[in-house]
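Student: Here it is: the structure, laid out below.
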Amino acid sequence: MKIEADLIVERADQLLTLAPGENAKTAEDKLGLVPDGSVAVKGESIVWAGPDREIGRHIVLSAGGKRLNARGKVVTPGFVDSHTHPVFAGSRALEFELRIKGATYQQIAQAGGGIKSTVENTRTASKEDLRDLGLRRLEEMLSLGTTTVEAKSGYGLSVADEIRMLEVLRDLDRKHPVDIVSTFLGAHEIPPEYAGRKQDYVQLVIDEMIPEVASRKLASFCDVFCEEGVFSLEESRRILEKGAELGLRPKLHADELTPLGGSELAAEVGAVSADHLLFASEKGMEMMAEKGVVATLLPGTAFFLFMGRYAPARKMIEKGLAVALATDFNPGSCMTQSLPLITTIACTQMRMTPAECILGITRHAARAIGREDTLGSLEPGKQADLLLLDIPDYRHLSYHFGINHVERVFKKGREVWKRTTCGQQV
Ligand SMILES: [Zn+2]
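Residue numbers -17 to 408, in my numbering, belong to the letters of the sequence shown in order.
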């Protein structure tokens, strides 16, 4: 019996299902590339994906159903940005300029820059302003192909302000087609009023923030900035264990600036992902591979901070780690919402191939936020989040960089974004 569909996107030059057969070994195999491919959607879900010549045997279009010709295009799953900080007020453009001119961290702080300035601006902004800023940022993400985003708190750093950030994220999730998966990051920095009393702040996170966030179901994950001078391994472990006890799965900003051992900790606490990892040790990477912790790399941050060093992506892939790529979108260290741009940086600076990059912003990114059952590939039963890219070959997503190739975005089967050209809709 044929399955009914209400949308068919047909005859794409390249359909990337990201759902290959069992024997797929290389990243290119894992794209599940179908030449002249079609996808059928019913309601919010994919019902079929495969070669166009076979669709007639499986699918019948419902009365009033829509066909969309994707000839000359590439069709992919909607992109998943698995690490962002999109709720904040104020800008750090001046700090960017000062860094270019060689200013030190202290000079930047004295000039009113640094994360503390974002905390201050975010605390004093109204909820409505934070929501409006967030909506604009989500709209930019959507136009660049991001259909699901992981978003962190962490610019509030008090019980009330952290809760407020998570409430803004919940409101944004309801208001905007981009789905938001929230992460509690109370342990992002030590707030100024706790200077010299870090242990008291750690206790506040454990005793008050986490129970409040968990009981109000405001986040799926708990994250910690585990770094020298910020939160130690032991403090991070205590925070993540408390989160896990109350149902918040662990994530970790790990080994970004120093080889502290965050990747090992991520494996030990069963984190769903460890992120940054510029200084991850061999042992840490192996432990992560063994435990199935996703390595989320954020090369835009190393690029934007001109760190002159990137995470050892090739080594991670050789060790069998699932590597996800994310923007780390935030005002201080990576002010971009463009996942395609991040893939170009990953290609040129970490020598990830275009196919590995696409895996990193779809299938592996879905795993990094625990949504691999519904997102990250185009196969029957999964959410119908898909993109039409105006490129002849998937490699052009990374190769032809700095411009937007997204022509249409479908979220849960509904068209939610469409490019306009010279004032006319395509
Ligand atoms: Zn981050």
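Ideal placement from N, C-alpha and C gives every residue a C-beta, glycine not left out.
In the DSSP assignment, what are the bridge partners of Lys273?
Tutor: None, per the DSSP bridge assignment.
Student: Could you spell out where the beta strand (DSSP E) holding Asn51 opens and where it closes?
Tutor: Segment 41 to 51, the beta strand (DSSP E) holding Asn51.
Student: Taking only runs that begin and end inside the segment 332 to 363, name each unbroken alpha helix (DSSP H) of 4 or more residues, in chain order.
Tutor: 336 to 343, 345 to 350
Student: By how many angstroms is the C-alpha of Pro362 removed from the C-alpha of Lys83?
Tutor: 53 Å
Student: Verify whether the separation of the beta carbon atoms of Gln365 and Ile90 is less than 9 Å.
Tutor: no
Student: Confirm the yes/no value for this check: CB of Asp189, any heavy atom of ligand 1, distance under 8 Å.
Tutor: no
Student: For ligand 1, is there a heavy atom less than 8 Å away from the beta-carbon of Leu280?
Tutor: yes
Student: Cβ of Lys134 within 8 Å of any heavy atom in ligand 1?
Tutor: Because some heavy atom of ligand 1 lies under 8 Å away, the Cβ of Lys134 counts as near it: yes.
Student: Report whether the distance from the Cβ of Asp310 to the nearest heavy atom of ligand 1 is below 8 Å.
Tutor: yes
Student: Any heavy atom of ligand 1 closer than 8 Å to the beta-carbon of Asp257?
Tutor: yes
Student: Sort Glu132, Leu280, Arg349 by Cα distance to Met289 and report the nearest one.
Tutor: Leu280
Student: Comparing C-alpha positions only, which one of Glu121, Asn386, Ala75, Glu102 sits nearest to Asp155?
Tutor: Glu121
Student: Assuming contact is defined by CB atoms lying nearer than 9 Å, are Val391 and Leu360 in contact in what I supplied?
Tutor: no
Student: Helix, strand or coil: which one does DSSP assign to Gln319?
Tutor: coil
Student: So Val(-9) and Leu50 are in contact, right, with Cβ under 8 Å, and what is the actual spacing, rounded?
Tutor: 5 Å
Student: In angstroms, rounded to a whole number, what distance separates the CA positions of Glu132 and His170?
Tutor: 16 Å
Student: Going by beta carbon distance, what residues of the same chain come within less than 8 Å of Gly274, once the five residues before and after it are set aside?
Tutor: Ala304
Student: Quick one: Cα of Gly127 to Cα of Ser315, how far?
Tutor: 22 Å
Student: At what residue ranges does the segment 61 to 130 contain a whole run of the alpha helix (DSSP H), taking only runs of 4 or more?
Tutor: Within the segment 61 to 130, the complete alpha helix (DSSP H) runs of at least 4 residues are 75 to 82, 87 to 92, 97 to 106, 109 to 125.
Student: Just tell me which of Ser125, Arg377, Ala177 has its CA closest to the CA of Ala9.
Tutor: Arg377
Student: Based on DSSP bridge pairs, tell me the residues matched to Asp257.
Tutor: His235, Thr278
Student: Within its chain, find whatever has a CB closer than 7 Å to the CB of Leu371; leave out the 5 residues flanking it on each side and keep chain order.
Tutor: Lys55, Val56, Thr58, Leu379, His387, Val388, Glu389
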